[in-house]
Amino acid sequence: MAAVLDTRELTPVTKLLVLEAPLVARHARPGQFVIVRVNAHGERVPISLTDFDPAAGTITVVVQRVGKTSGLICALEPGDEMLDVAGPLGRPVELPTEGHAVLVAGGFGAGAIHPLARELQERLVLVTVIVGARTAELVILRDLLEPVSDELLVCTDDGSLGYRGFTAQLLADRLAGGAPFTDCFAVGPVAMMRAVAEVTGPHGLHTLVSLDPIMLDGTGMCGACRVTVSGETKFACIDGPFFDAHAIDFDEAIVRSKMYVDEEHVALEPVGAR
Amino acid sequence: MPLVYPTKTAMPTLDPVERRARWDEVAVGYTVERALAEARRCIQCQDPLCEQGCPVGVPIREFIRRVAVEDFAGAAEVIRTRNVLPAICGRVCPVEHQCEARCSVLGRLEPVGIGRLERFVADWERAHPRGGAAREAARRAEKIAIVGSGPAGLTAAGDLAQLGYGVTVFEALHAVGGVLRYGIPEFRLPKAIVDEDVEGLRSLGVEFETNAVVGKTVTVDELLGELGYSAVFLGTGAGSPRFMGIPGENLKGVYSANEYLTRVNLMRAYSFPEYDTPVKRPTRAVVIGAGDTAMDAVRVSIRLGAEEARIVYRRSENEMGARAEDYRRAAEEGAIFEWLTVPIRFLGDDDGRVRAVECVRTRLGDPDDSGRRRPIVVPGSETTIEANLVVIALGTNPNPLLPQTTAGLTTDEHGCIVTDPETGETSRAGVYAGGDIATGAATVISAMGAGRRAATAIDRYLREEVNHGDHLA
Chain A
1 MAAVLDTREL
11 TPVTKLLVLE
21 APLVARHARP
31 GQFVIVRVNA
41 HGERVPISLT
51 DFDPAAGTIT
61 VVVQRVGKTS
71 GLICALEPGD
81 EMLDVAGPLG
91 RPVELPTEGH
101 AVLVAGGFGA
111 GAIHPLAREL
121 QERLVLVTVI
131 VGARTAELVI
141 LRDLLEPVSD
151 ELLVCTDDGS
161 LGYRGFTAQL
171 LADRLAGGAP
181 FTDCFAVGPV
191 AMMRAVAEVT
201 GPHGLHTLVS
211 LDPIMLDGTG
221 MCGACRVTVS
231 GETKFACIDG
241 PFFDAHAIDF
251 DEAIVRSKMY
261 VDEEHVALEP
271 VGAR
Chain B
275 MPLVYPTKTA
285 MPTLDPVERR
295 ARWDEVAVGY
305 TVERALAEAR
315 RCIQCQDPLC
325 EQGCPVGVPI
335 REFIRRVAVE
345 DFAGAAEVIR
355 TRNVLPAICG
365 RVCPVEHQCE
375 ARCSVLGRLE
385 PVGIGRLERF
395 VADWERAHPR
405 GGAAREAARR
415 AEKIAIVGSG
425 PAGLTAAGDL
435 AQLGYGVTVF
445 EALHAVGGVL
455 RYGIPEFRLP
465 KAIVDEDVEG
475 LRSLGVEFET
485 NAVVGKTVTV
495 DELLGELGYS
505 AVFLGTGAGS
515 PRFMGIPGEN
525 LKGVYSANEY
535 LTRVNLMRAY
545 SFPEYDTPVK
555 RPTRAVVIGA
565 GDTAMDAVRV
575 SIRLGAEEAR
585 IVYRRSENEM
595 GARAEDYRRA
605 AEEGAIFEWL
615 TVPIRFLGDD
625 DGRVRAVECV
635 RTRLGDPDDS
645 GRRRPIVVPG
655 SETTIEANLV
665 VIALGTNPNP
675 LLPQTTAGLT
685 TDEHGCIVTD
695 PETGETSRAG
705 VYAGGDIATG
715 AATVISAMGA
725 GRRAATAIDR
735 YLREEVNHGD
745 HLA
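As given, the protein sequences belong to chains A and B, one line each in that order. According to this note's numbering, the first sequence is numbered sequentially starting from 1. According to this note's numbering, the second sequence is numbered sequentially starting from 275.
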């Protein structure tokens, strides 16, 4: 069990939770995730790490309410407990030691890029962060990202804050303007990560994205999270979650992410309605 | 030779039609009368070869003798000297390849039902608790870390706790039992039995740490270093599922057996939405492979409501790996068997969901390295089997996570940790391994045998280390 020490509502649908998990905090590296289970009837779901503090023995995660399980997690308050937390899982992302990295985050993906930005800045790599959301009130974690980026750019689909348009469009503008990016990392909805890949491909910009497929054990045992990369089947839980964006079969990843859409609706129905 | 009834005393089972919709244990177990009848079929031979067929060396002749004279408590004690998990072994051991294969009456007669009797004794013992063993304080100073709580780990843990060591078992999942928990379905091994056996180990002082992914949450170096464990036993199993590498394998509705069974057994997806984890409910299921896991998967499919549930296997009935009993039960429940058939691709609908399996037929040629006859594709024999759920049950490879994150562990070309099969010693001092992680996918009982041998070797290693220390002092 992991005690919920602190929570913060980031948007009406997004919540930040600080959990007591000293062993995870001690071993975590940027790019890794945990598998959690809320209660004895709960699913095992993967969540990217937004922060980890070995000294305090805590980890921080950001969860967006999209279905039953994420709803249960978002309902947790300080003093509550998360039944199971296992991790840190996945391979740490390979980060450069020099150059100028651009980190692109869509929606709650802003949480997952925070550890990357922090580590890159410690390595004295220049860091540009692009965070995007549909509208101003859904832009999250600027307070966390500001101190770990040399440049923080915001964009919204409706133009209510910062650049008007998608993150990939802003990235395309910057690249067209000659921005000297040497590496790109993107975390967010699959469609957004694919758009980023399409923008960086022609520039030959090395791009890694974090896939978030359905997982079960998270330790390489089941293969639920398989993705095709360069024509080969990989398990996101042990080979990823970060993969070369220009080698991923995004169509397949999108199809597989919708495996249980019907069941998700059933799970959300009130018990009496079944 | 006394007169021996030619066939095994029948095992009462649930009705084959009724049980298609139930998850309850299919084999109900012997009554006292049946157990006595079966025990009395044993001729108590001078040289009990059956015991040589048992990977953990259960004193079979003696426990059966005690059953025959109605000393069930005594029989339980005899079994417990060699087997800490008898209720499990009595249910899942492939007895026809082990103890029962060596039974003296085998030949003209059916062998003595050793597995059924072991189960009877274990169940009798569970129903007649003798006021649980007192939790003993560890008599030895050393602590041992066991990695993985499957059959190898639980056996090693039990043996080492009985020798007086402090034992902690580290399990990556949220529940203890390994393959006994996530792999073997309720109708073949009720989870209440796994729970009881784990409780038994707790009462011996064994501690369990769940959600502990060794190599990630804590490393072997830390266990042997600052955490103060004197030895580590790695029993992490052969966790990584094999796929076929044919087109369409990543369509929705194509599962590895590990995923399918874990959803159903560990996560209780059969009770969705009461439990939150879903699983696709098949109308037409195809299970590829014919081992124990394939039989479990096809029987799970029947219980999830499949109108047709098929086994597709590239060889014939004679080469299949499944236990005869489970094969028979699957057939009774209506499973269909497509022998000499091999999938070449999976076909999907517009939505990316599997809708059929394209196969070719095979014939058997000469034996291959495994000693089984090699399947040869029959040209022009393409056939398509409709299926909205496919389970690939072709075995597993060792999980690379632990060897990858642990320095100094030698692995072979298959990714198995190299060990001395007699002791479980690895290339690294103080680190032992056994079960599927060392041998590749095998059986529950062979993993238990490996756990036992490693426990013995760890005990010897630590005693020698102490003696060596005295000598130097």
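In this text, a Cβ means the ideal position worked out from N, Cα and C, and glycines have one as well.
{"Check": "How many Å lie between T156 (chain A) and E9 (chain A) at the Cα?", "Outcome": "20 Å"}
{"Check": "Within this structure, are the beta carbons of A426 (chain B) and G639 (chain B) separated by less than 8 Å?", "Outcome": "no"}
{"Check": "Using a Cβ cut-off of 8 Å (strictly closer), state whether G178 (chain A) contacts chain B.", "Outcome": "no"}
{"Check": "Determine which residues share a DSSP beta bridge with H100 (chain A) and list them.", "Outcome": "A:L126"}
{"Check": "Within 8 Å (strictly less), CB to CB, does E548 (chain B) reach chain A?", "Outcome": "yes"}
{"Check": "Between which residues of its own chain and S530 (chain B) is the CB-CB distance below 6 Å, once the five residues before and five after are set aside?", "Outcome": "P515, I666"}
{"Check": "Straight-line CA distance for S257 (chain A) to I214 (chain A)?", "Outcome": "6 Å"}
{"Check": "Taking 8 Å as the threshold (beta carbon to beta carbon), is E473 (chain B) in contact with chain A?", "Outcome": "no"}
{"Check": "Quickly, what does DSSP pair N671 (chain B) with across the bridge? List them, please.", "Outcome": "B:S514"}
{"Check": "Mind checking T97 (chain A): buried by the 16 CB within 10 Å criterion, or exposed?", "Outcome": "exposed"}
{"Check": "How is the alpha helix (DSSP H) around P22 (chain A) delimited, first residue to last?", "Outcome": "22-27"}
{"Check": "Of the residues B:R413, B:V453, B:P464, B:S423, which one's Cα is nearest the Cα of G440 (chain B)?", "Outcome": "B:R413"}
{"Check": "Can you list the beta strand (DSSP E) stretches of 3 or more residues lying completely in the region 562-616 of chain B, in chain order?", "Outcome": "582-586, 610-612"}
{"Check": "Is there a Cβ of chain A sitting closer than 8 Å to that of G626 (chain B), yes or no?", "Outcome": "yes"}
{"Check": "Determine the DSSP secondary structure at F243 (chain A), reduced to helix, strand or coil.", "Outcome": "strand"}
{"Check": "Does the distance from the CB of R603 (chain B) to the CB of V300 (chain B) come in under 8 Å?", "Outcome": "yes"}
{"Check": "Tell me which residue opens and which closes the alpha helix (DSSP H) that T551 (chain B) is part of.", "Outcome": "Segment: none, T551 (chain B) is in no alpha helix (DSSP H) and carries neither H nor E."}
{"Check": "Terminal residues of the continuous alpha helix (DSSP H) containing R37 (chain A)?", "Outcome": "No alpha helix (DSSP H) contains R37 (chain A), which is instead part of the beta strand (DSSP E) from 33-37."}
{"Check": "Ends of the beta strand (DSSP E) at P649 (chain B)?", "Outcome": "647-651"}
{"Check": "Based on Cα-Cα distance, which residue from B:V358, B:A446, B:L277, B:L683 lies nearest to R317 (chain B)?", "Outcome": "For clarity, residue 317 (chain B) is Ile in the given sequence; the question names Arg instead. If we check each option's Cα against that of I317 (chain B), B:L277 comes out closest."}
{"Check": "In whole angstroms, what separates the C-alpha of G159 (chain A) from that of G527 (chain B)?", "Outcome": "41 Å"}
{"Check": "Using only CA atoms, which one of A:A3, A:P30, A:G67, A:D84 lies nearest to L268 (chain A)?", "Outcome": "A:G67"}
{"Check": "Would you call the region 468-480 of chain B and the region 449-456 of chain B touching, i.e. three or more CB-CB distances under 8 Å?", "Outcome": "yes"}
{"Check": "Please classify P360 (chain B): does DSSP put it in a helix, a strand, or coil?", "Outcome": "helix"}
{"Check": "Round the Cβ separation of A396 (chain B) and A361 (chain B) to the nearest angstrom and send it over; I've been treating them as touching at under 8 Å.", "Outcome": "4 Å"}
{"Check": "Which residues in the same chain as L273 (chain B) place their Cβ atom closer than 7 Å to its Cβ, once the five residues preceding and following it in sequence are excluded?", "Outcome": "Given that chain B is displayed from residue 275 to residue 747, the structure contains no residue 273 (chain B) and the question cannot be resolved."}
{"Check": "Can you pull the chain A residues whose beta carbon is under 9 Å from the beta carbon of R780 (chain B), in chain order?", "Outcome": "With chain B represented from 275 up to 747, any question about residue 780 (chain B) goes unanswered, as that position is not in the structure."}
{"Check": "Which term fits H265 (chain A), buried or exposed, when burial requires 16 or more other beta carbons within 10 angstroms of its beta carbon?", "Outcome": "exposed"}
{"Check": "Closest Cβ-Cβ distance between S514 (chain B) and chain A: below 8 Å?", "Outcome": "yes"}
{"Check": "Pull out every residue of the region 496-513 of chain B whose Cβ sits closer than 7 Å to any Cβ of chain A, in chain order.", "Outcome": "G513"}
{"Check": "Whose CA, out of A:H41, A:Q32, A:P22, A:T11, lies closest to the CA of T551 (chain B)?", "Outcome": "A:H41"}
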